[in-house]
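Undergrad: Please read through the structure below; I'll follow up with questions.
In our numbering, the protein residues as written are 6 to 473.
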């Protein structure tokens, strides 16, 4: 092998190194990109003499184990993040002075207390009518805001399901392309990066487990083993008419539970457990508040000497009571504060109404329909035995504690994602300082080999001159 050919091999190798380095630098901001490294090998000529250098391979610096750590942590982060986001929104609504039930109860019973001094005074009575209307509005508004929040959750869930289906289809398509070009070939590098990035994005939506195969394809399953992608086939997520998640694979539909992890799992869990549970507790509070007040009010007499009427309506059933609650009495003269028909200044029944503030909730389950009992028994058992006021303050306090815990969990899981990403980037990420050093090395390598060729040419010219 001539010096010129050896020098040319060195220049070609240096050029290959510069090309790969330039490719790395140009993709420094590309999501999911794994840096590449040139492998060099010494070329041996006849009689084991050195014959230069060759490019043995271009290696993709990726580690599936490190990627899987990222996928696992992103699933936890996605779940905690979306749950924390909606829990904070609800906490704000529950504690807002314009919608807070405890604030409304304070004002409502304060009005009743003031009226006890002059139960026949129309001004005091009008205040109570106004506060009664305010209580109705508070329950109605809370229910409306929770309904609005459910629509937001469903909208975000639909969008996430669409994105997840797109990513699963992309992974299946990339599986096909990677298998066609050869899973471990240099040509597959960009395809493998794209697939890893798709799995990374999918992992924040639900917990996933990738399994890699010799042909370069990957099988992606859920935490409990349900297959999302296998070979070139992708499953599809959807919601049925009841809002239940369904995984369709071919002609098979598989119902999924709430424990999906990721943002999809967080949205489903918040909607079906947190939001539904909260709405039912508010319904029980509204139902208990109205029915107990009505029952006591109907034992008294108004300023006209007539028996008291139901003050609140819309509570024939506990189901949807917070949304259906209405005010039936808007005439202050119809408030039945007296215990006797001919004693308008009597406040005995009013005192009984005031005592309801601290009276324990006691919902009679026997009066509920089987369907209502099935849906509301847990909420009733939780609230029975305590006053509506203490129930609401306890609810908001518990909600605040769980929200704070989720915020802490979100920060912790975000830190774990960053840690896992940092470990991956230390091996697979592009470090511009290292690439700059490589550029200098390959440039010097190129120049040195060019000098070898120049020297070889000079020697050749000297040899020719000897025969002239």
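All residues carry an ideal CB built from backbone N, CA and C; glycine is no exception. All values derive from a computational prediction rather than experimental measurement.
#1: Can you give, in chain order, each stretch of the alpha helix (DSSP H) that sits fully within the stretch 291 to 368 and has at least 4 residues?
#2: Let's see if you can read the secondary structure: which residues bound the alpha helix (DSSP H) around residue 16?
#3: Do you know offhand how far residue 94's Cα is from residue 372's?
#4: Skipping 5 residues on each side, what residues in its chain have a beta carbon closer than 8 Å to that of residue 331?
#5: Quick check on DSSP: helix, strand or coil for residue 465?
#6: Are the CB atoms of residue 252 and residue 265 nearer to each other than 7 Å?
#7: Need the endpoints of the alpha helix (DSSP H) that residue 428 sits in, please.
#8: Please identify the residue among 158, 107 and 148 whose C-alpha is closest to the C-alpha of residue 136.
#9: Assuming residue 161 and residue 283 make a contact with CB atoms under 8 Å, what is their CB distance in whole Å?
#10: How far does the alpha helix (DSSP H) with residue 272 in it reach, from first residue to last?
#11: What span of residues does the alpha helix (DSSP H) with residue 375 cover, start to end?
#12: Sort 444, 468, 430 and 450 by Cα distance to residue 71 and report the nearest one.
#13: So, with DSSP's three-state summary, where would you put residue 210?
#14: Can you tell me where the beta strand (DSSP E) with residue 45 in it begins and where it stops?
#15: With distance defined between alpha-carbon atoms, name the residue in 206, 16 and 435 nearest to residue 449.
#16: For my contact list, residue 359 and residue 118 are in at a C-beta cut-off of 8 Å; report their separation, rounded to the angstrom.
#17: Between which residues of its own chain and residue 186 is the CB-CB distance below 6 Å, once the five residues before and five after are set aside?
#18: Please report the residue range of the beta strand (DSSP E) in which residue 62 lies.
#19: Give me the DSSP bridge partner(s) of residue 216.
#20: Out of curiosity, what's the CA-to-CA distance linking residue 305 and residue 99?
#21: Name the DSSP beta bridge partners of residue 238, please?
#22: Measure how close the beta-carbons of residue 268 and residue 87 come, nearest whole angstrom, since I'm counting them as under 8 Å.
#23: By the DSSP assignment, the beta strand (DSSP E) with residue 174 in it spans what residues?
#24: Do the stretch 394 to 408 and the stretch 57 to 67 touch if we need at least three Cβ pairs shorter than 8 Å?
#25: Could you check whether residue 440 and residue 25 sit closer than 7 Å to each other, using their CB atoms as the reference points?
#26: Give the DSSP-derived three-state secondary structure of residue 261 in the structure shown.
#27: Once the 5 residues before and after residue 352 are set aside, which same chain residues still bring their CB inside 6 Å of it?
#28: My guess is that residue 9 and residue 458 are in contact by the Cβ rule of under 8 Å, so how many angstroms apart are they, rounded?
#29: DSSP three-state label for residue 121, please.
#30: Look up residue 243 in the DSSP assignment and say whether it is helix, strand or coil.
#31: Residue 210 and residue 169 look like a contact to me (Cβ under 8 Å); what is the Cβ gap, rounded to whole Å?
#32: So, using beta-carbon positions, are residue 261 and residue 173 closer together than 7 Å?
#33: If residue 287 and residue 148 are in contact, beta carbons under 8 Å, what's the gap, nearest whole angstrom?
#34: Helix, strand or coil for residue 253, going by three-state DSSP, please let me know.
#35: Mind checking whether the beta-carbon of residue 155 lies closer than 6 Å to any heavy atom of the ligand GTP?
TA: Taking the structure as given:
#1: 326 to 329 and 353 to 360
#2: 8 to 31
#3: 35 Å
#4: 141, 317, 318 and 319
#5: helix
#6: no
#7: 393 to 433
#8: 107
#9: Not really, about 18 Å apart at Cβ, beyond 8 Å.
#10: 267 to 274
#11: 375 to 388
#12: 430
#13: coil
#14: 41 to 49
#15: 16
#16: 6 Å
#17: 192 and 193
#18: 55 to 65
#19: 224
#20: 34 Å
#21: 235
#22: 5 Å
#23: Taken as a continuous stretch (DSSP letters only), residue 174 belongs to no beta strand (DSSP E), being part of the alpha helix (DSSP H) at 127 to 186.
#24: no
#25: no
#26: coil
#27: 121, 124 and 342
#28: 5 Å
#29: coil
#30: strand
#31: 5 Å
#32: no
#33: 7 Å
#34: strand
#35: Ligands are entirely absent from the displayed structure, and the ligand GTP is therefore not among its contents.
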